[in-house]
Structures are given as structure tokens and as C-alpha cells.
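Colleague: Number 102 in UniProt numbering belongs to position 102 of the sequence shown; there are no gaps in the numbering. We put the beta carbon where it would ideally sit given N, CA and C, even for glycine. Here the structure is a predicted model, which is why all the values come from computation and not from measurement.
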Amino acid sequence: MKKNEKVKLTREIEKPIKVFGKQLKVTRVVLILVAFLIYFVALYYEIKTYTPLILGIIPLILIFFILILIQKRILYIGSYNIECSSAGDLYITKLKGNCPKCQGELKVIKKLNEQYVICKNNKEHKFYLQEN
Ligand SMILES: [Zn+2]
Numbered sequence: 001m002k003k004n005e006k007v008k009l010t011r012e013i014e015k016p017i018k019v020f021g022k023q024l025k026v027t028r029v030v031l032i033l034v035a036f037l038i039y040f041v042a043l044y045y046e047i048k049t050y051t052p053l054i055l056g057i058i059p060l061i062l063i064f065f066i067l068i069l070i071q072k073r074i075l076y077i078g079s080y081n082i083e084c085s086s087a088g089d090l091y092i093t094k095l096k097g098n099c100p101k102c103q104g105e106l107k108v109i110k111k112l113n114e115q116y117v118i119c120k121n122n123k124e125h126k127f128y129l130q131e132n
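So this is what it looks like as C-alpha cells:
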């Protein structure tokens, strides 16, 4: 299995994420999630049941993903991605590319510790993704 070659994918779709016509900033998402988290913790102290703490796991997981996004600038979700610009603007993108060996369509594979690109025609055509 050869994986030492690099391919560069182009953005087929680049759509800014907007809320009420305004560009969504990553800092705003973090603030909203932190507010939710504080709200659930406060609610727990108030009503003393574990339900708010269980609900609080949702913003906590989302904060975790946002932190990965801030660090890596891109999150691969199925065939679409969420990208974060250096200014903190969030985008939905779709990457597209062709296999240098057979011109087949390329697909990003994301695993826990590694990420690579494979060809849809032949799984042996495996490449590293060259970051833009
Ligand atoms: Zn191929």
C-alpha cells in the first residue's frame, strides 16, 4: 500500500455559514456553547437532578469539536466539511479531486489518528491530503 504521494483537492462548494444574514464566527459559537454549559450547570445546582448535567454533555461535546476545528481549520463530516478561516469565519465546503493514477473520484477518509484520500475506483490508490 503506497501512501507517500500527495494530492491537492479543490473546493467544489464554499458556502459561508450565515445566521440571520450575518457571517457566523467561531468565537460566537464558542460563547453560545459556553453559555449553554453554564446554564445547565446552574440548573443542576438549582434543581439537583442529573438531567441538566446529561444535557450539558451536548454543548461540551460541541465545544470539543469546535476546538479541533480551530486547531485544524477543517472538520471532515461525510462528504462535506466545516472550515474555519483565519479570521474565524465558518464555511461549509466540499472538496473535490481526481486520482492522479486513474482519474477516479477522490474521497477523504478520516480516522482517529490519520486522514488520507482514497480513490473511489481503486482502494489501493491512497494518498496524503495536501493542506491548502
Ligand atoms: Zn485511482
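Terminal residues of the continuous alpha helix (DSSP H) containing Leu112?
Modeller: As a first step, residue 112 must be located in the sequence shown, where it is residue number 112. Taken as a continuous stretch (DSSP letters only), Leu112 belongs to no alpha helix (DSSP H), as it is neither H nor E.
Colleague: Is the separation between the beta-carbon of Leu90 and that of Val29 shorter than 9 Å?
Modeller: In the sequence shown, counting from the first residue as 1, residue 90 sits at position 90. In the sequence shown, counting from the first residue as 1, residue 29 sits at position 29. Contact flag set, yes.
Colleague: With a cut-off of 6 Å, give the chain-ordered residues whose Cβ is closer than this to any heavy atom of ligand 1.
Modeller: Qualifying residues come out as Cys99, Lys101, Cys102, Gly104, Cys119, Asn121, Asn122, His125.
Colleague: Classify Met1 as helix, strand or coil using the three-state DSSP reduction.
Modeller: For the purposes of this step, residue 1 is identified with residue 1 of the sequence shown, where counting begins at 1. At Met1, the pLDDT of 47 sits below 50, so the modelled position is not reliable; the number obtained from the coordinates is stated separately. Three-state result, Met1: coil.
Colleague: Contact between the stretch 115 to 128 and the stretch 49 to 62: three or more CB pairs below 8 Å?
Modeller: No contact exists between the stretch 115 to 128 and the stretch 49 to 62.
Colleague: Would DSSP call residue 140 helix, strand or coil?
Modeller: Look at the range of the chain in this structure, 1 to 132, and you will see that residue 140 is not part of it.
Colleague: Taking C-alpha atoms, which residue in Asn98, Gly88, Tyr50 lies nearest to Lys18?
Modeller: As a working note, residue 18 is residue 18 in the sequence shown. Ranking Asn98, Gly88, Tyr50 by Cα distance to Lys18 puts Gly88 first.
Colleague: DSSP has Ile58 in a bridge; who is on the other side?
Modeller: For the purposes of this step, residue 58 is taken as the residue at position 58 of the sequence shown. According to DSSP, which records beta bridges pairwise, Ile58 is partnered with nothing at all.
Colleague: Whose C-beta lies closer than 8 Å to the C-beta of Thr10 among residues of the same chain, with five residues either side of it excluded?
Modeller: Counted from its first residue, the sequence shown places residue 10 at position 10. Taken in chain order, the residues that qualify are Leu95, Lys96, Gly97.
Colleague: For the stretch 59 to 109, list the beta strand (DSSP E) runs that are entirely contained and at least 3 residues long, ordered along the chain.
Modeller: 74 to 77, 80 to 84, 90 to 96, all fully within the stretch 59 to 109.
Colleague: Between Gln130 and Val7, how many whole angstroms is the CB-CB distance? I'm expecting something under 8 Å.
Modeller: Within the sequence shown, residue 130 is the residue found at index 130, counting from 1. Within the sequence shown, residue 7 is the residue found at index 7, counting from 1. About 6 Å separates the two Cβ atoms, so the contact holds.
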